[in-house]
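Going line by line, the protein sequences match chains A and H. Once you know that position 19 of the first sequence is 19 in our numbering, the rest is easy, because the numbers rise by one and skip nothing. Once you know that position 89 of the second sequence is 200 in our numbering, the rest is easy, because the numbers rise by one and skip nothing. For every residue, glycine included, the Cβ atom is placed at its ideal position computed from N, Cα and C. On a predicted model such as this, the values are computed, not experimentally measured, just so you know. Here's the structure, in structure tokens; my notes come after.
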Amino acid sequence: GESVGLHLPTLSVQEGDNSIINCAYSNSASDYFIWYKQESGKGPQFIIDIRSNMDKRQGQRVTVLLNKTVKHLSLQIAATQPGDSAVYFCAESQNTDKLIFGTGTRLQVFP
Amino acid sequence: DAGVTQSPTHLIKTRGQHVTLRCSPISGHKSVSWYQQVLGQGPQFIFQYYEKEERGRGNFPDRFSARQFPNYSSELNVNALLLGDSALYLCASSRAGYEQYFGPGTRLTVT
Numbered sequence: 001g002e003s004v005g006l007h008l009p010t011l012s013v014q015e016g017d018n019s020i021i022n023c024a025y026s027n028s029a030s031d032y033f034i035w036y037k038q039e040s041g042k043g044p045q046f047i048i049d050i051r052s053n054m055d056k057r058q059g060q061r062v063t064v065l066l067n068k069t070v071k072h073l074s075l076q077i078a079a080t081q082p083g084d085s086a087v088y089f090c091a092e093s094q095n096t097d098k099l100i101f102g103t104g105t106r107l108q109v110f111p
Numbered sequence: 112d113a114g115v116t117q118s119p120t121h122l123i124k125t126r127g128q129h130v131t132l133r134c135s136p137i138s139g140h141k142s143v144s145w146y147q148q149v150l151g152q153g154p155q156f157i158f159q160y161y162e163k164e165e166r167g168r169g170n171f172p173d174r175f176s177a178r179q180f181p182n183y184s185s186e187l188n189v190n191a192l193l194l195g196d197s198a199l200y201l202c203a204s205s206r207a208g209y210e211q212y213f214g215p216g217t218r219l220t221v222t
């Protein structure tokens, strides 16, 4: 069935560097995308979202890029900090329907 | 403002038993969704309710049921528990489907 997948299961970055987490989606009808951060033992935390009529959206230290041509989504984190260490999920939705999640990427930040 | 709350935090049940999980959405949110997250995977959609009506159901057996109350809180019920039902059960609320905010989850262990 339709699914959202991630290219890299684990990403290790040095503190202060920029991080890029990638995601491929397969449902071309999806019109809404979200990035979540999940720390151990906690529920997913909303980071940033983007609708299909946009190709870029910025938040505080984070930027989401959407490339509908190749069905690709990315999350950029500027000046990565130790507190950014977590598992990151992208999710897609169509018409406010259910969210379809990928398996996640673990971000490890080392000093 | 209080976020999404879920109870209980942890639960241990025996195979064949029944369980009820509870969720209170963010004030003003009328939509509640339930997800199951098995260790190491992304959340899987179970149910979505909006204004007390079921809007969507994931690929889960009839042992899973849910309902939403007039105050928009929700219950997830699982009958005849199996070992494979052990997971983190997440509740998410939103105003109308987009921007789903998750609670901390209920960790269910079936022995």
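Any contact of the region 124-144 of chain H with the region 180-197 of chain H, i.e. 3+ C-beta pairs under 8 Å?
yes
In whole angstroms, what is the alpha-carbon distance linking residue 125 of chain H and residue 221 of chain H?
Counting from 1 along the second sequence, the entry for residue 125 of chain H is found at position 14. Counting from 1 along the second sequence, the entry for residue 221 of chain H is found at position 110. Using only the alpha carbons, I get a separation of about 5 Å.
Consult DSSP for residue 193 of chain H and reduce its assignment to one of helix, strand or coil.
Residue mapping note: residue 193 of chain H aligns to position 82 of the second sequence, counting from 1. Residue 193 of chain H: coil per DSSP, three-state reduction.
Measure the Cβ-Cβ separation of residue 159 of chain H and residue 201 of chain H and say whether it is below 7 Å.
Stepping through the second sequence from its first residue, residue 159 of chain H is reached at position 48. Stepping through the second sequence from its first residue, residue 201 of chain H is reached at position 90. No; because the gap between Cβ atoms is not below 7 Å, this pair is not in contact.
If you draw a straight line from the alpha carbon of residue 101 of chain A to that of residue 111 of chain A, how long is it in whole angstroms?
Within the first sequence, the letter at position 101 stands for residue 101 of chain A. Within the first sequence, the letter at position 111 stands for residue 111 of chain A. Computed Cα separation, rounded: 30 Å.
Which residues of chain A have a Cβ atom closer than 7 Å to the Cβ of residue 164 of chain H, listed in chain order?
Position 53 of the second sequence, counting from 1, holds the residue named residue 164 of chain H. Residues of chain A passing the Cβ test: none, with the nearest at roughly 14 Å.
Please classify residue 258 of chain H as buried or exposed, where buried requires at least 16 other C-beta atoms within 10 Å of its C-beta.
Within the shown structure, residues of chain H are numbered from 112 to 222, placing residue 258 of chain H beyond reach of any answer.
Residue of H:191, H:177, H:167, H:193 minimising C-alpha distance to residue 114 of chain A
An answer regarding residue 114 of chain A cannot be provided, because it is not within the stretch 1 to 111 covered by chain A.
From the DSSP secondary-structure annotation, give me the bridge partner or partners of residue 121 of chain H.
Here residue 121 of chain H refers to the residue found at position 10 when the second sequence is read from its first residue. Note: residue 121 of chain H sits in a beta bridge opposite H:218.
contact_flag[the region 67-82 of chain A, the region 6-24 of chain A] where n(CB pairs < 8 Å) is 3 or more
yes
Answer yes or no: do residue 66 of chain A and residue 55 of chain A have a C-beta to C-beta separation smaller than 7 Å?
One-based indexing of the first sequence puts residue 66 of chain A at position 66. One-based indexing of the first sequence puts residue 55 of chain A at position 55. Against a cut-off of 7 Å, the Cβ pair of residue 55 of chain A and residue 66 of chain A comes out as a contact.
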